[in-house]
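Data first, discussion second: the structure below is written as structure tokens.
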Ligand code: PMT
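Numbering (our numbering), first residue to last: 21 to 426.
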């Protein structure tokens with residue numbers, strides 16, 4: 021989610037960091053793929069990485085001695101850690117363990133690689149690899165948020181069978197894909213030259229100056245889509261209800277509160293938009309007459325009746341325009357998810373509905389992961405459970421296919 025996500029790293033000086041996970045066996049392949057793209061590569065290994073791969077392998081593929089120790093007099097007399105930090109135009113750590121991510125999130129510099137990350141002014145990217153529960157743990161997710169807020173690019177992870185026997189998110193992204201993303205190969209910049217408008221978060225419908233009608237949307241799904249689209253080269257406008265998230269790097273965010281404000285911001289910024297994705301949980305109704313001053317309860321008043329009026333449907337409004345962009349809505353359902361999604365597809369006249377469950381323990385609301393089914397005129401596409409950024413990447417790939425008829 022880096023603001024540098026569109027930087028192309030062909031022919032660059034790249035420092036590859038390898039930490040101690042089973043996916044370290046893929047690191048030599050990453051070195052080769054970067055060299056294929058004209059990069060000069062130096063490798064730094066942590067002590068844990070040595071349990072999975074030898075320095076000799078990485079030296080052979082990179083063509084340079086591998087750096088392992090912070091306090092190594094020989095290494096410091098050659099290219100010491102500060103020189104390495106200055107030399108690099110890009111630092112990519114693959115695999116990046118949960119422990120490594122935690123250490124750099126908290127500014128620890130207790131080995132060569134963490135010290136380099138603190139000392140460099142180069143762009144930093146990490147490709148996490150870990151057990152799915154470790155990936156989904158709130159501590160890891162909070163650390164990743166810190167990294168994103170510092171413009172450290174998070175690549176992946178993918179989802180699938182894991183070395184530990186479990187299935188889910190946490191597999192390191194394949195070396196070819198990492199190198200390709202960093203190099204900005206055209207295939208991975210599918211949204212370059214496209215403009216995407218995303219709505220995210222809840223709306224707030226004021227009842228009086230201090231109270232309002234809202235919902236549990238955290239904005240995470242919409243922000244993940246905005247970030248992933250920006251990472252793939254799109255110009256992204258994010259119309260956001262009130263949330264506690266930072267705008268992803270490279271995304272233009274417009275803050276709104278009510279459904280009326282959200283509709284106005286969307287219509288004002290729609291010209292030239294190729295894809296409109298309505299992720300916001302918009303209140304269907306608002307108080308008919310919001311009070312100017314705080315509503316007071318009167319003695320003996322045991323009930324209160326609120327009159328609500330219908331809010332505009334932002335998604336349906338956009339889809340009904342003369343030449344609408346490709347429109348994608350979400351369906352937040354607690355039962356009959358797919359049937360309701362199909363009704364919304366037809367009822368709102370949109371190209372795709374992303375159905376997700378918001379009932380029960382696995383609710384998509386305010387969680388870090390999601391499970392989505394894309395419903396479109398030609399059928400259904402299942403997006404496996406993964407963290408919301410990975411879901412966003414999968415969704416964008418499928419949207420691109422539907423858009424281009426691929
Ligand atoms: O924000 P998070 O915590 O990450 O949670 C994500 C999410 C659960 C909010 C998200 O994945 C989601 O499902 N968003 C849609 C929520 C919703 O309002 O669904 P709906 O079924 O009520 O609306 C259907 C579609 O119409 C949505 O695309 C919605 O944005 C749009 N809509 C609805 C009402 C309205 N007045 N205007 C709209 O544009």
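Where is the CB? At the ideal position from N, CA and C, for every residue including glycine. Keep in mind that this is a model prediction, so the values were computed, not measured.
If you scan the segment 154-192 from start to end, which runs of the alpha helix (DSSP H) of 4 or more residues do you find wholly inside it?
158-169
With a threshold of 7 angstroms (Cβ to nearest heavy atom), would residue 219 be considered close to ligand 1?
Residue numbering aside, residue 219 sits at position 199 when the chain shown is read from its first letter. Yes, since a heavy atom of ligand 1 falls inside the 7 angstroms radius drawn around the Cβ of residue 219.
Residue 230 burial status per 10 Å Cβ neighbour count (16 or more: buried)
Sequence index remark: in the chain shown, residue 230 carries index 210 (1-based). By the 10 Å Cβ count, residue 230 comes out exposed.
Using 8 angstroms as the cut-off, can you tell me whether the segment 144-151 makes contact with the segment 161-175, which would need three or more C-beta pairs spanning the two stretches below that distance?
yes
Those residues which DSSP pairs with residue 321 across a bridge
Translated into the one-based positions of the chain shown, residue 321 becomes position 301. None; residue 321 has no bridge partner.
Rounded C-alpha distance that separates residue 309 from residue 187
The residue you call residue 309 lines up with position 289 of the chain shown. The residue you call residue 187 lines up with position 167 of the chain shown. Looking at the two C-alpha atoms, the distance is approximately 51 angstroms.
Could you tell me the distance, in whole angstroms, from the CA atom of residue 55 to the CA atom of residue 270?
As a first step, residue 55 is located in the chain shown; it is residue number 35 there, counting from the start. As a first step, residue 270 is located in the chain shown; it is residue number 250 there, counting from the start. Rounded to whole angstroms, residue 55 to residue 270 spans 28 angstroms at the Cα level.
Going by C-alpha to C-alpha distance, which of 111, 419 and 38 sits closest to residue 297?
The residue given as residue 297 occupies position 277 in the chain shown. For the residues 111, 419 and 38, the minimum Cα distance to residue 297 belongs to 419.
Limits of the alpha helix (DSSP H) - the one that residue 134 falls within:
Mapped onto the chain shown, residue 134 falls at position 114. It spans 132-139 - the alpha helix (DSSP H) in which residue 134 sits, taken as one unbroken run.
Based on DSSP bridge pairs, tell me the residues matched to residue 65.
Residue 65 sits at position 45 when you count from the first residue of the chain shown. Per DSSP, 38.
Under the criterion of a Cβ to heavy atom distance below 7 angstroms, does residue 371 qualify as lining ligand 1?
Along the chain shown, one-based indexing puts residue 371 at 351. Residue 371: no, Cβ never under 7 angstroms from ligand 1.
Please check the pair residue 34 and residue 103, which I expect to be a contact at CB under 8 angstroms, by giving their CB distance rounded to whole angstroms.
Here residue 34 refers to the residue found at position 14 when the chain shown is read from its first residue. Here residue 103 refers to the residue found at position 83 when the chain shown is read from its first residue. Not really, about 15 angstroms apart at Cβ, beyond 8 angstroms.
Quick one: grab the DSSP three-state call for residue 389.
Position 369 of the chain shown, counted from the start, is the residue given in the question as residue 389. Strand, per DSSP.
At which residues does the beta strand (DSSP E) containing residue 286 begin and terminate?
In the chain shown, residue 286 corresponds to position 266, counting from 1. From DSSP, residue 286 is part of no beta strand (DSSP E) but of the alpha helix (DSSP H) over 279-288.
Can you tell me whether residue 91 is buried or exposed, with buried defined as 16 or more other CB within 10 angstroms of its CB?
The sequence position of residue 91 within the chain shown is 71, counting from 1. Exposed.
Nonlocal neighbours in the same chain, by C-beta distance under 8 angstroms from residue 373, ignoring five residues either side
Indexing the chain shown from 1 puts residue 373 at position 353. Answer for residue 373: 348, 349, 350, 351, 361, 362, 364, 365, 394, 395 and 396, listed in chain order.
So, does the segment 202-221 touch the segment 233-251, judging by three or more C-beta pairs under 8 angstroms?
yes
When 77, 38, 50 and 114 are compared against residue 89, the one with the closest alpha-carbon
In the chain shown, counting from the first residue as 1, residue 89 sits at position 69. Of the candidates 77, 38, 50 and 114, the one whose C-alpha sits nearest the C-alpha of residue 89 is 38.
Straight-line gap, residue 51 to residue 41 (C-alpha atoms, nearest Å):
Translated into the one-based positions of the chain shown, residue 51 becomes position 31. Translated into the one-based positions of the chain shown, residue 41 becomes position 21. C-alpha separation (whole angstroms): 17 angstroms.
Roughly how far, in whole angstroms, is the beta-carbon of residue 151 from the beta-carbon of residue 121, given that I think they are within contact range, below 8 angstroms?
If you number the chain shown from 1, residue 151 lands on position 131. If you number the chain shown from 1, residue 121 lands on position 101. Contact doesn't hold; Cβ gap of about 13 angstroms is too wide.
What do you get for residue 87, buried or exposed, if any count of 16 or more other CB atoms within 10 angstroms of its CB means buried?
Working through the chain shown from its first residue, we reach residue 87 at position 67. Its Cβ being crowded by 16 or more others within 10 Å, residue 87 is buried.
Strand pairing of residue 492, partner residues [DSSP]:
This structure does not reach residue 492, given that the chain is present from 21 up to 426, and the question cannot be answered.
What I want to know is whether the C-beta of residue 385 ends up closer than 7 angstroms to one or more non-hydrogen atoms of ligand 1.
Position 365 of the chain shown holds residue 385. Residue 385 Cβ: within cutoff of ligand 1.
From which residue to which residue does the beta strand (DSSP E) around residue 302 run?
Residue mapping note: residue 302 aligns to position 282 of the chain shown, counting from 1. Taken as a continuous stretch (DSSP letters only), residue 302 belongs to no beta strand (DSSP E), as it is neither H nor E.
Would a C-beta distance cut-off of 8 angstroms place residue 286 and residue 329 closer than the cut-off?
The residue you call residue 286 lines up with position 266 of the chain shown. The residue you call residue 329 lines up with position 309 of the chain shown. Not closer than 8 angstroms, so no.
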